[in-house]
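A.B. asks:
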Amino acid sequence: METILAREEDIIEEFSFFDDWMDKYTYLISLGKDLAKMIPESKTPENQIKGCQSQVWLNAKINENSIFFEADSDAIITRGMIALLLRVVQGQKPEEIAVYEFKFLQEIGLTAHLSPSRANGLLSMVKQIRLYGVAFQAKRK
Amino acid sequence: METILAREEDIIEEFSFFDDWMDKYTYLISLGKDLAKMIPESKTPENQIKGCQSQVWLNAKINENSIFFEADSDAIITRGMIALLLRVVQGQKPEEIAVYEFKFLQEIGLTAHLSPSRANGLLSMVKQIRLYGVAFQAKRK
Amino acid sequence: MKYLKVKKDFPILNQKINGKPLIYLDSAATTQKPKVVIDEIVNYYSFSNSNVHRGVHALSERATDSFEEVRLGLCHHINAKHQHEIIFTKGTTDSVNLVAHGFRSILKPGDEIVVSELEHHSNLIPWQMLAQTSGAKLKFIPMTTNGELDLSTLGSLLNLNTKIVAFNHISNALGTINPVKKITSAAHSVGACVFVDGAQALPHMRVDVQNLDVDFYAGSAHKMYGPTGVGLLYGKSAWLEKIPPYQGGGEMIAEVSMEKSSYAGLPHKFEAGTPNIEGVIGWGTALNWLNDIGIENIKTHEDNLLNYALELLKEIPDVVFYGTAKERAAVISFGLKGTHPYDAGVLLDQMGIAVRTGHHCAQPIMTCLQIPGTIRISLAAYTIQDDIDKFIEALKKTILLLN
Amino acid sequence: MKYLKVKKDFPILNQKINGKPLIYLDSAATTQKPKVVIDEIVNYYSFSNSNVHRGVHALSERATDSFEEVRLGLCHHINAKHQHEIIFTKGTTDSVNLVAHGFRSILKPGDEIVVSELEHHSNLIPWQMLAQTSGAKLKFIPMTTNGELDLSTLGSLLNLNTKIVAFNHISNALGTINPVKKITSAAHSVGACVFVDGAQALPHMRVDVQNLDVDFYAGSAHKMYGPTGVGLLYGKSAWLEKIPPYQGGGEMIAEVSMEKSSYAGLPHKFEAGTPNIEGVIGWGTALNWLNDIGIENIKTHEDNLLNYALELLKEIPDVVFYGTAKERAAVISFGLKGTHPYDAGVLLDQMGIAVRTGHHCAQPIMTCLQIPGTIRISLAAYTIQDDIDKFIEALKKTILLLN
Ligand SMILES: Cc1ncc(COP(=O)(O)O)c(C=O)c1O
Ligand SMILES: Cc1ncc(COP(=O)(O)O)c(C=O)c1O
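These protein sequence lines map, in sequence, to chains D, C, Y and A. Residue 1 is where the first sequence starts when you use this note's numbering, and the numbers rise one by one after that. Residue 1 is where the second sequence starts when you use this note's numbering, and the numbers rise one by one after that. Residue 1 is where the third sequence starts when you use this note's numbering, and the numbers rise one by one after that. Residue 1 is where the fourth sequence starts when you use this note's numbering, and the numbers rise one by one after that.
Next up, the structure:
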């Protein structure tokens, strides 16, 4: 399986082809459209991350020391961001996820989406992803 | 009896002889020292004007349509100011006192003593003097 | 005059965002500040900064005099009867809380508080908290789907148990101008106290508190071209005398012993602690700037722009308007069919256009309209026609990108 | 290093008052602001001004990021454990009221609140108000005639009914540095919550809230080279979770319906309404300025100047000192035999010297010392030896004039 680092590099390379913000956002929107919808039953209050702007739902399962996430949002660009975030962490090991910094966002110029000002749920989602890493690590011990 | 205006002009002329602030304040301090002390019995809570910096006591009586004030303070410069203020209003008619503006303070450069910042009781005292004018006018009617 | 030409007074508007000229259409959240206000702040800190009141030195006097001059200026501006009826607070939210807190010792179980459904959270939650602590009952003036208050309900809502009626002058989420006089006289007819949140009205229209006859009126400097962190509470003397002080501290007392204190007179009773001196003084300059232009001229300018924008938006098929009150000011709230407001906000930002998206701190309105939020553009004296044109162009691009 | 050389950073100090160079010895009332702070305010309003949180556009992000960075900076500065333990308030007074209000729902009749006799009214009256509303009893740590707290009384004052112990870190009226750790551990030993008013400590010494182990700590930006209208409340997470929100409004809620709201997490639960954004951001710059110099260097500078001034004052026969604690900082309070403090203040002002006279919002201390007030000089990083020399010279002239 590809490491987090390798997956980040893939994404950075993909984004390097975009000349302008429009291409970038068109891609993000298409990622958002393609992201599998979470089934309504999984959208429980416990899985919900409340943002003021957009809502995010996040759920995680562990399978043989790999964490698998599913996530959703009511806003399409937030869904696009979710697709990118999940792409790097999907199936990775708890110990890696627990400390992972999502550095690629900086490279592709999308860190603003994690600003506390956005209140879109993504900042909390990133924290939550790491917490799942910590929690599943702890469980295993 | 001299009018308020005439008395103001006297004071303005007196002050015009001072070359510097030291002479002016030396005079103010000497006025403060010379001002008759109010007898303790007259320093009632009703006559007290609370400033944060210095306290002022003010009392007034009417005699044949002339108002006579007595006033005191715990600070010597405030007493000096009181001496000046009383000098112009002492024995004047209620209707004149009720609307009197204490314009001479401007001319002699002492308006700062009436700033709300000073909290020395003088601003309230000036208002109270005018209120006595209004009150005694009303009583007469 | 069709449009004002004051944009040049605002240094911040002369910049690029994401490589595009900034188009600021978020003035209802906070207005930008004219250069004179910024200069005044520099001037204050460079020449007069000092703690106010109770100082005998020259700086303290200078600061106190400027500070109190602003109180007088605001008193004239809203036509209050007395200077001491103007209380400086942290902002509108602080003002609402001050009054709601004051009523804790006045209300009893069985009393009723009437609040409108059109409120910003700041003029709702303090009353909810008051209801909870006092046992009073909270009742609501409902809104109609076009964003107006349904006044036909007033008759059944108000009764002799009604102690407070609280509502805003202009809704920040929908721009509705509420009929203050009408509601006030209905409230007074049952003896209720009227609290009006004027945060969005003060920047946009002439406010005359004596004419409106309201008991309390609140506003924020930062929404009317002044600094952040300062606001006002106007209250009729009799009411301000009646409610107890909100905060304890320096300045607000007459005499203090260890066990007990007696409170100072108005306005000091409600101004505990060092105030936002710079904020107040900057506000004074903002007020002068505003009055030099004339609030009526600002209103005309904004009304013209509002109509211009509405016409252009109507031509875009995907646009759904929220709030179409007959009387409205400076705000347009809308959605794009099949999309989430947040997505539009993000894309518009990429094109240098600052709009606000979301519930605008007015969740009950969103619940009523059954939407997650709106896209809101809001205007100010410095907004120009070209801003609207650029916004419309960007909005069309946004719609293309999202579909 | 004996003395700092930072006066040049302060534009305001380069002016004449009544024809004489300004000597500002009133820093305990409010400090002056270095040029970098003034510049930052200009910069904020010229480039980033926007309402914080919940905005998706670039300005809002810029403002929010700068705003939150200051929270982090203050967290590090006082060594709080978590960023969300730093609450932005209007100032120290607001902070005290926030906590005192929060305890209304916690205290019961029979509970006891212990406050020191050395307090500024801001850290006394809110507790008096709390005692009155909750039925709790107010008790006092007495002061000795040299201006220290008489800790021998602690044993008899504290018991299992003691719920709150409130006192200041440094007295604004006398300069006494109180032994925070000692009182705190005594208070904790009976399970009481400790509230420390740090308004005068933050500008003058290193404060480490975890080391002190206090439960709450308050301060004001304007007393530490920052703007007016903003302050901080530090609280241990557990306490901040325990007390209910103070004000209702925007930002502080998670979900709102007409009847009921759920509150947001820390720090937002306590930050209703638009904060003083400019004030916070200006404070951040002030903090950086202060840290560049180093609070320990400031302390040494001020201690040296304080001793210098004390030596010179001791040589003047008419001077009577008030407050001669062993541990003291940046403040000298005194009187002139046979004269009223106000008179000295007025004459010193004529010579360009800004001192404060009066009760310094600490009437109980004046009552204890049986005086109407004091003349107070207070120092800051920008005070220089020449300021003290000019003050001493002017004071001698004052004594001559008054006799
Ligand atoms: C010791 C002390 N506590 C509290 C305060 C009140 O601070 P603020 O007026 O900034 O709220 C002051 C300042 O005057 C003070 O010196
Ligand atoms: C109608 C209305 N009321 C109250 C407020 C709260 O004002 P502030 O945040 O300045 O306290 C606002 C601003 O957000 C508003 O628009």
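Quick reminder that beta carbons are idealized off the backbone N, C-alpha and C, glycines included.
For a contact meaning CB atoms closer than 8 Å, what does leucine 402 of chain A contact in chain C?
C.D. replies: In the fourth sequence, counting from the first residue as 1, residue 402 of chain A sits at position 402. Ile29 and Ile76, listed in chain order.
A.B. asks: Just to confirm before moving on: does the CB-CB distance between serine 122 of chain Y and threonine 145 of chain Y stay below 7 Å?
C.D. replies: Residue mapping note: residue 122 of chain Y aligns to position 122 of the third sequence, counting from 1. Residue mapping note: residue 145 of chain Y aligns to position 145 of the third sequence, counting from 1. Contact flag unset, no.
A.B. asks: Just jot down, in chain order, the residues whose CB lies closer than 5 Å to any heavy atom of ligand 3.
C.D. replies: For ligand 3, the structure offers nothing, since it holds only ligand 1 and ligand 2.
A.B. asks: Check each residue of the segment 40 to 60 of chain C: if its Cβ is closer than 9 Å to any Cβ of chain A, include it; give the result in chain order.
C.D. replies: If the cut-off is 9 Å between Cβ atoms, the segment 40 to 60 of chain C has Gly51, Cys52, Gln53, Ser54 and Gln55 near chain A.
A.B. asks: Is the Cβ-Cβ distance between arginine 87 of chain C and glycine 32 of chain C less than 7 Å?
C.D. replies: Against the second sequence, residue 87 of chain C aligns to sequence position 87. Against the second sequence, residue 32 of chain C aligns to sequence position 32. Not a contact, by the Cβ cut-off of 7 Å.
A.B. asks: Helix, strand or coil: how does DSSP classify aspartate 215 of chain Y here?
C.D. replies: Position 215 of the third sequence holds residue 215 of chain Y. Aspartate 215 of chain Y: coil per DSSP, three-state reduction.
A.B. asks: For threonine 398 of chain Y, which residues of its own chain have a beta-carbon under 7 Å away from its beta-carbon, when the five flanking residues on both sides are left out?
C.D. replies: Here the question's residue 398 of chain Y lines up with position 398 in the third sequence. If we look at threonine 398 of chain Y and ignore the five residues flanking it on each side, its Cβ neighbours are Ala344, Leu347 and Leu348.
A.B. asks: Taking DSSP's pairing of strands, which residues face valine 209 of chain A in a bridge?
C.D. replies: To locate residue 209 of chain A, count along the fourth sequence from 1; it is residue 209. Note: valine 209 of chain A sits in no beta bridge, so no partner.
A.B. asks: From A/Lys223, A/Asp150 and A/Arg104, pick the residue whose C-alpha is nearest to that of lysine 242 of chain A; which is it?
C.D. replies: Counted from its first residue, the fourth sequence places residue 242 of chain A at position 242. Cα-wise, what sits closest to lysine 242 of chain A is A/Arg104.
A.B. asks: Can the beta-carbon of glutamate 117 of chain Y be found less than 7 Å from the beta-carbon of phenylalanine 140 of chain Y?
C.D. replies: Here residue 117 of chain Y refers to the residue found at position 117 of the third sequence. Here residue 140 of chain Y refers to the residue found at position 140 of the third sequence. Going by C-beta atoms, glutamate 117 of chain Y is nearer than 7 Å to phenylalanine 140 of chain Y.
A.B. asks: With C-beta atoms as the reference, is isoleucine 384 of chain A less than 7 Å away from threonine 357 of chain A?
C.D. replies: As a first step, residue 384 of chain A is located in the fourth sequence; it is residue number 384 there, counting from the start. As a first step, residue 357 of chain A is located in the fourth sequence; it is residue number 357 there, counting from the start. In this structure, threonine 357 of chain A does not lie closer than 7 Å to isoleucine 384 of chain A by Cβ.
A.B. asks: Do cysteine 52 of chain C and arginine 54 of chain Y have their CB atoms nearer than 7 Å?
C.D. replies: If you number the second sequence from 1, residue 52 of chain C lands on position 52. If you number the third sequence from 1, residue 54 of chain Y lands on position 54. Going by C-beta atoms, cysteine 52 of chain C is nearer than 7 Å to arginine 54 of chain Y.
A.B. asks: Would a check of beta-carbon distances place glutamate 68 of chain Y closer than 7 Å to chain A?
C.D. replies: By one-based count along the third sequence, residue 68 of chain Y stands at place 68. No, no contact with chain A.
A.B. asks: Counting only the same chain and skipping the five closest in sequence on each side, list residues whose C-beta sits under 7 Å from that of alanine 394 of chain A.
C.D. replies: Along the fourth sequence, one-based indexing puts residue 394 of chain A at 394. Contacts found: Leu348, Met351 and Ile353.
A.B. asks: Any idea if aspartate 20 of chain D is buried or exposed, counting beta-carbon neighbours within 10 angstroms, 16 or more meaning buried?
C.D. replies: To locate residue 20 of chain D, count along the first sequence from 1; it is residue 20. Aspartate 20 of chain D is exposed by the Cβ-count criterion.
A.B. asks: Any C-beta of chain Y within less than 7 Å: which residues of the segment 112 to 124 of chain C qualify?
C.D. replies: For the segment 112 to 124 of chain C, which is checked against every Cβ of chain Y, the residues closer than 7 Å are Ala112, Ser115, Pro116, Ser117, Arg118 and Ala119.
A.B. asks: Measure the alpha-carbon distance for valine 196 of chain A versus threonine 153 of chain A and round it to whole angstroms.
C.D. replies: Sequence index remark: in the fourth sequence, residue 196 of chain A carries index 196 (1-based). Sequence index remark: in the fourth sequence, residue 153 of chain A carries index 153 (1-based). Going by the C-alpha atoms only, they are around 19 Å apart.
A.B. asks: Does any CB atom of chain C fall closer than 7 Å to the CB of aspartate 26 of chain A?
C.D. replies: The residue given as residue 26 of chain A occupies position 26 in the fourth sequence. Answer no: the Cβ-Cβ gap between aspartate 26 of chain A and chain C never drops below 7 Å.
A.B. asks: Got a sec: is the Cβ-Cβ distance from aspartate 349 of chain Y to anything in chain B below 7 Å?
C.D. replies: Included in the structure are the protein chains D, C, Y and A, with no chain B among them.
A.B. asks: May I ask you to list, following chain order, the residues of the segment 38 to 68 of chain Y that have a beta carbon less than 7 Å from some beta carbon of chain C?
C.D. replies: Answer in chain order: Val52, His53, Arg54, Gly55, Val56, Ser60, Glu61, Thr64, Asp65 and Glu68.
A.B. asks: Quick one: is glycine 147 of chain A near chain Y, going by C-beta distance under 7 Å?
C.D. replies: The sequence position of residue 147 of chain A within the fourth sequence is 147, counting from 1. For glycine 147 of chain A, the answer is no, since every Cβ of chain Y falls outside 7 Å of its Cβ.
A.B. asks: For alanine 98 of chain D, which residues of its own chain have a beta-carbon under 7 Å away from its beta-carbon, when the five flanking residues on both sides are left out?
C.D. replies: Working through the first sequence from its first residue, we reach residue 98 of chain D at position 98. The residues are Arg130, Gly133, Val134 and Gln137.
A.B. asks: Determine which residues of the segment 1 to 18 of chain Y have a Cβ less than 8 Å from any Cβ of chain A, and write them out in chain order.
C.D. replies: Cβ contacts with chain A: Pro11, Ile12, Gln15, Ile17 and Asn18.
A.B. asks: Measuring straight from C-alpha to C-alpha, what distance separates aspartate 34 of chain C and phenylalanine 47 of chain Y?
C.D. replies: Within the second sequence, numbered from 1, the residue matching residue 34 of chain C stands at position 34. Within the third sequence, numbered from 1, the residue matching residue 47 of chain Y stands at position 47. In a straight line, the C-alpha of aspartate 34 of chain C is about 38 Å away from that of phenylalanine 47 of chain Y.
A.B. asks: Does threonine 44 of chain D pass the burial test, meaning 16 or more other C-beta atoms within 10 Å, or should it be called exposed?
C.D. replies: Numbered from its first residue, the first sequence carries residue 44 of chain D at position 44. So threonine 44 of chain D ends up on the exposed side.
A.B. asks: Around the C-beta of serine 95 of chain A, are 16 or more other C-beta atoms found within 10 angstroms, so that it is buried, or is it exposed?
C.D. replies: As a position in the fourth sequence, residue 95 of chain A is number 95, starting the count at 1. Buried.
A.B. asks: Do you know offhand how far isoleucine 39 of chain C's Cα is from tryptophan 57 of chain C's?
C.D. replies: Your numbering for residue 39 of chain C matches position 39 in the second sequence. Your numbering for residue 57 of chain C matches position 57 in the second sequence. Each residue's alpha carbon lies about 11 Å from the other.
A.B. asks: Starting from the beta carbon of cysteine 75 of chain Y, find every residue of chain A whose beta carbon is closer than 7 Å, and list them in chain order.
C.D. replies: Residue mapping note: residue 75 of chain Y aligns to position 75 of the third sequence, counting from 1. Ordered by position in chain A, no residue passes the 7 Å Cβ test against cysteine 75 of chain Y, which lies about 21 Å from the chain.
A.B. asks: Quick one: residues in its chain with C-beta nearer than 7 Å to the C-beta of serine 293 of chain A, no 5 flanking neighbours on either side, listed in chain order?
C.D. replies: As a working note, residue 293 of chain A is residue 293 in the fourth sequence. Per the sequence shown, the amino acid found at residue 293 of chain A is isoleucine instead of serine. Taken in chain order, the residues that qualify are Leu4, Val6 and Ala381.
A.B. asks: So, does the CB of glutamine 247 of chain Y fall closer than 7 Å to a CB anywhere in chain A?
C.D. replies: Looking up residue 247 of chain Y in the third sequence gives position 247. Cβ-Cβ to chain A under 7 Å: yes for glutamine 247 of chain Y.
A.B. asks: Any C-beta of chain C sitting closer than 7 Å to the C-beta of aspartate 415 of chain A?
C.D. replies: Any property of residue 415 of chain A remains undetermined from this structure, which presents chain A solely from 1 to 403.
A.B. asks: State buried or exposed for proline 109 of chain A, treating a residue as buried only when at least 16 other CB atoms are found within 10 Å of its CB.
C.D. replies: Against the fourth sequence, residue 109 of chain A aligns to sequence position 109. Looking at its Cβ environment, which holds fewer than 16 other Cβ atoms inside 10 Å, proline 109 of chain A is exposed.
A.B. asks: Find out if the Cβ-Cβ distance for the pair glycine 249 of chain Y, isoleucine 125 of chain A is shorter than 7 Å.
C.D. replies: The residue you call residue 249 of chain Y lines up with position 249 of the third sequence. The residue you call residue 125 of chain A lines up with position 125 of the fourth sequence. Yes, they are a contact pair.
A.B. asks: For alanine 238 of chain Y, which residues in chain C fall below 8 Å Cβ to Cβ?
C.D. replies: Against the third sequence, residue 238 of chain Y aligns to sequence position 238. Here the premise fails: no neighbours, minimum Cβ distance about 20 Å.
A.B. asks: What is the rounded straight-line gap between the Cα of valine 190 of chain Y and the Cα of threonine 184 of chain Y?
C.D. replies: The residue you call residue 190 of chain Y lines up with position 190 of the third sequence. The residue you call residue 184 of chain Y lines up with position 184 of the third sequence. Their backbone Cα atoms lie some 10 Å apart in a straight line.
A.B. asks: So who's on the other strand from isoleucine 353 of chain Y, going by DSSP bridges?
C.D. replies: Numbered from its first residue, the third sequence carries residue 353 of chain Y at position 353. Y/Ile23.
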